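What follows is a set of notes on a single structure, which appears directly below.
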Amino acid sequence: RQNADYDLSTPLDTNGVGLRQNLTAYGDAHFSLFMRKLFIKALGYSEDALSRPIIGIVNTYSSFNPCHSNIPQLIDAVKRGVQLNGGLAIDFPTISLHESFAAPTSMYLRNLMSMDTEEMIQAQPVDAVVLIGGCDKTTPAQLMGGISANKPIIHLVTGPMMPGSFQGVRIGACTDCRSNWAKFRAGTLDIEDISALNEELAPTGGTCGVMGTASTMACILVALGMMPIHGATAPAVSSARLRISESTGAHAVQLAKLQLRPQTLLTRESFINAIIVLQAIGGSTNAVVHLMAVAGRHPAVAGTIGLDTVDDIGRTTPLLVDLKPSGENYMTDFHNAGGMLALLHELKPLLHLDALTVTGRTLGQELAQTPFRPLPPHSPANCIHPLATPLYPASSLIVFQHGNLARGGAVTKASASKDRRLLQHRGRAVVFSGSADLARRIDDPDLDVDADSVLVLQHIGPVGNPGMPEAGLVPIPRKLAALGVGDMLRISDGRMSGTAGGTIVLHVSPEAADPASVLGIVRDGDVIVCDIERRLLSVELSDDEIRRRQDERREEQKRPGAAATPWQTRRAARGYRGLYMREVNQAEQGADFDFLTAAGPGGA
Ligand code: FES
Ligand code: MG
Numbered sequence: 020r021q022n023a024d025y026d027l028s029t030p031l032d033t034n035g036v037g038l039r040q041n042l043t044a045y046g047d048a049h050f051s052l053f054m055r056k057l058f059i060k061a062l063g064y065s066e067d068a069l070s071r072p073i074i075g076i077v078n079t080y081s082s083f084n085p086c087h088s089n090i091p092q093l094i095d096a097v098k099r100g101v102q103l104n105g106g107l108a109i110d111f112p113t114i115s116l117h118e119s120f121a122a123p124t125s126m127y128l129r130n131l132m133s134m135d136t137e138e139m140i141q142a143q144p145v146d147a148v149v150l151i152g153g154c155d156k157t158t159p160a161q162l163m164g165g166i167s168a169n170k171p172i173i174h175l176v177t178g179p180m181m182p183g184s185f186q187g188v189r190i191g192a193c194t195d196c197r198s199n200w201a202k203f204r205a206g207t208l209d210i211e212d213i214s215a216l217n218e219e220l221a222p223t224g225g226t227c228g229v230m231g232t233a234s235t236m237a238c239i240l241v242a243l244g245m246m247p248i249h250g251a252t253a254p255a256v257s258s259a260r261l262r263i264s265e266s267t268g269a270h271a272v273q274l275a276k277l278q279l280r281p282q283t284l285l286t287r288e289s290f291i292n293a294i295i296v297l298q299a300i301g302g303s304t305n306a307v308v309h310l311m312a313v314a315g316r317h318p319a320v321a322g323t324i325g326l327d328t329v330d331d332i333g334r335t336t337p338l339l340v341d342l343k344p345s346g347e348n349y350m351t352d353f354h355n356a357g358g359m360l361a362l363l364h365e366l367k368p369l370l371h372l373d374a375l376t377v378t379g380r381t382l383g384q385e386l387a388q389t390p391f392r393p394l395p396p397h398s399p400a401n402c403i404h405p406l407a408t409p410l411y412p413a414s415s416l417i418v419f420q421h422g423n424l425a426r427g428g429a430v431t432k433a434s435a436s437k438d439r440r441l442l443q444h445r446g447r448a449v450v451f452s453g454s455a456d457l458a459r460r461i462d463d464p465d466l467d468v469d470a471d472s473v474l475v476l477q478h479i480g481p482v483g484n485p486g487m488p489e490a491g492l493v494p495i496p497r498k499l500a501a502l503g504v505g506d507m508l509r510i511s512d513g514r515m516s517g518t519a520g521g522t523i524v525l526h527v528s529p530e531a532a533d534p535a536s537v538l539g540i541v542r543d544g545d546v547i548v549c550d551i552e553r554r555l556l557s558v559e560l561s562d563d564e565i566r567r568r569q570d571e572r573r574e575e576q577k578r579p580g581a582a583a584t585p586w587q588t589r590r591a592a593r594g595y596r597g598l599y600m601r602e603v604n605q606a607e608q609g610a611d612f613d614f615l616t617a618a619g620p621g622g623a
């Protein structure tokens, strides 16, 4: 039996599909293919199987990741879809990140996961790749890596978990985790209740069942065109989720034949669509950081999408989806109301319908081709509001672009504010110098604070507290919570979980650790102004006073015996931490590593 692949007299056609990619390992292409085949045959593949387009499936299953617990079943279904359509499905692992099991934070590891994803897609002979992710940082990491690798990719998410139940009331991770914990802190729930809640808040595998970061990113993947329209909302434990997986496998084979790559598929218009959806769903503030990082990976889009784009689009995009934390419902309700298909139909007048999708068709063609019968508007089961009667008229996410406190920008989710008067507020700063200081003093009965104070938390930015923890939801001081104070204006350079609510200003840039930061020199008693109408965030200090305090801080940090700051020591740290500390950029650039961006070395 002769195999043309080993005929040394004819040059090997290495432009074909499958195993023929990157045959450079041994100099001799024929020998490289020969070696590759003999090793993969050890897994039992036939020559026939190996002649097919190879669809890689990224497996991010981990026993530490309940949000990804269904991945083994999803992989089975994807493989079925690939193989029924003439491809060969081969799954391979990458890092898996779960929010609760990724110290110091999952954000710290997002860029590592993106590098892992990019390099494994590059390294292996795959014609297209199905990226299976779900938990908050996994989908952006995969998209960032996938864009940089620029082989055809299609996303599949694990899907949201089901809601649980406590004393007849539906509950779900993790908006209700926080609200109930706050009640426990205020003494209105006892230890029995909080233990019972702990059993029910995440009653199934899958991602958090509200409009947190995972759900937001799933919806954004659809809006970008990187995931089929039905892909975002079906519950993790549903058979619909398995059928979506099967059809994703089929789409992947098609994508391999088209060789439609993310840098071709994605345009500025795709990102505009994504931001429209982000605003209309009242999405997570984290998604703003991720979108900046994702755009920054794309040579033709980088620099054309910024925080200002998010704010501009917000002004003309109403909030339509009534989900926690901005509203009342859960992802299962959104799914039952038609999910992204219904939402995109509602948003059609605003969207760029000629943007491409992973099916090879445009978003407009997809919407025209997918059968859809909307629920009656305003029916109790419909958590998607009509464009004409939105839940919130515009700007669910707001970017501060003026004032002296955040010259690089800051973000707030206005739709999740519990006391909207605080969005137009002037108050006295109560400053915490970091998470440890906050933990030590926030519940001190002698803390000089009242309901009008502005709680300022410094040093939880990308470098100052590596990984930029989701500590921006500063708790209401216990003595005020006990008096019934439910919301206060809170400002930090950190992030907040997409499942959280309150009047919280996040991602203040430059971060406090940066010697050029203004946030870093704010002191107790300074007057802070938050003016949402003017997108202004300021501290009432003159430029001279700001400069004086910055100089003073620099001198203090240089004083012999002064503790070294993370900013000063970042060039000396080893390993991944060192890489992170040296390379991470600020929130408005996506907290990506400079050298991974399209503008970085080797980039466009
Ligand atoms: Fe994974 Fe919330 S912890 S999505
Ligand atoms: Mg989260």
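Going letter by letter, the sequence shown gives residues 20 to 623 in UniProt numbering.
Even glycine gets a Cβ: it sits at the ideal position worked out from N, Cα and C.
Owing to the predicted nature of the structure, the values given are computational and were not obtained by experimental measurement.
Practice task
Using alpha carbons as the reference points, say which of Q298, M350, L162, A221 lies closest to L410.
Solution key: Q298
Problem - DSSP three-state assignment for L131, whether helix, strand or coil - result: helix
Practice task
Keeping to the same chain, check which residues put their C-beta closer than 6 angstroms to that of G513; ignore five residues upstream and five downstream.
Solution key: I479, M487, P488, A490, G491
Problem - D520: CB within 7 angstroms of a non-hydrogen atom of the ligand FES - result: For clarity, residue 520 is Gly in the given sequence; the question names Asp instead. G520 Cβ: outside cutoff for every heavy atom of the ligand FES.
Practice task
Compute every distance between the C-beta of G231 and the non-hydrogen atoms of the ligand FES, then say whether any falls below 7 angstroms.
Solution key: yes
Handout entry: Close-in-space but distant-in-sequence residues of the same chain around C193 (CB under 6 angstroms, 5 per side omitted)
Key = C227, T518
Exercise for the section: Note down, in chain order, each residue of its chain lying with its Cβ closer than 7 angstroms to the Cβ of G379, except the 5 sequence neighbours on either side. Expected result: Q273, L277, L279
Practice task
Consult DSSP for L394 and reduce its assignment to one of helix, strand or coil.
Solution key: coil
Exercise for the section: Return the bridge partner residues of R445 from the DSSP annotation. Expected result: V548
Exercise for the section: Counting only the same chain and skipping the five closest in sequence on each side, list residues whose C-beta sits under 6 angstroms from that of A623. Expected result: For A623, the predicted structure reports a pLDDT of 48, less than 50, and the residue's modelled location is therefore unreliable. The matter cannot be settled from this model.
Practice task
Only counting runs of 3 or more residues, tell me where the beta strand (DSSP E) segments fall wholly within the stretch 555–602, in order along the chain.
Solution key: 555–558
Exercise for the section: Tell me whether A23 is buried or exposed, calling it buried when 16 or more other Cβ atoms sit within 10 Å of its Cβ. Expected result: exposed
Exercise for the section: Would you check if the distance between the CB atom of G37 and the CB atom of D146 is smaller than 8 angstroms? Expected result: yes
Problem - Touching by the beta-carbon criterion (3+ pairs, under 8 angstroms), the stretch 300–308 and the stretch 230–240 - result: yes
Handout entry: CA-to-CA distance, D26 to T381, given in whole angstroms
Key = 43 angstroms
Problem - Option in E138, N348, G325, P123 with minimal Cα separation from L162 - result: E138
Handout entry: G619 versus R497 - alpha carbon distance
Key = 46 angstroms
Practice task
Name the residue from E265, Q608, H404, Q40 whose alpha carbon lies nearest to the alpha carbon of G325.
Solution key: Q608
Exercise for the section: Could you name each continuous alpha helix (DSSP H) segment of 4 residues or more that falls completely within the stretch 327–380, going from the start of the chain to the end? Expected result: 350–355, 358–366
Exercise for the section: Could you tell me which of P405, G422, D195 sits nearest to L555, measuring between CA atoms? Expected result: G422
Handout entry: Collapsed DSSP secondary structure at A293 in the structure displayed
Key = helix
Practice task
Using alpha carbons as the reference points, say which of A448, N130, S214 lies closest to R596.
Solution key: N130
Handout entry: Bridge partners - F83, DSSP secondary structure assignment
Key = Bridge partners of F83: none, in fact.
Practice task
Out of P529, P393, S167, point me to the one whose CA is closest to I140's CA.
Solution key: S167
Exercise for the section: Determine, using beta-carbon pairs with one atom in the stretch 206–222 and one in the stretch 250–259, whether at least three such pairs fall under 8 angstroms. Expected result: no
Exercise for the section: Give the secondary structure of A623 by DSSP, where H, G and I count as helix, E and B as strand, and everything else as coil. Expected result: Caution is warranted here: a pLDDT of 48 is assigned to A623, below 50, making its placement in the model unreliable, and the coordinate value is therefore given only provisionally. In the structure shown, A623 sits in coil (DSSP, three-state: anything other than H, G, I, E or B).
Practice task
With a floor of 4 residues, list each alpha helix (DSSP H) that falls wholly inside the stretch 491–557, ordered by position along the chain.
Solution key: 497–500
Practice task
Report buried or exposed for Y45, applying the criterion of at least 16 other Cβ atoms within 10 angstroms of its Cβ.
Solution key: exposed
Handout entry: C-beta contact flag for N41 and P144 at 8 angstroms
Key = yes
Practice task
Give the DSSP bridge partners of A108, in chain order.
Solution key: I74
Exercise for the section: Measure the beta-carbon distance from I74 to L103 and round it to whole angstroms, keeping in mind my assumption that it falls under 8 angstroms. Expected result: Not a contact, Cβ separation roughly 12 angstroms.
Practice task
Consult DSSP for S184 and reduce its assignment to one of helix, strand or coil.
Solution key: strand
Exercise for the section: Return yes when at least one heavy atom of the ligand FES lies under 7 angstroms from the C-beta of S415, else no. Expected result: no
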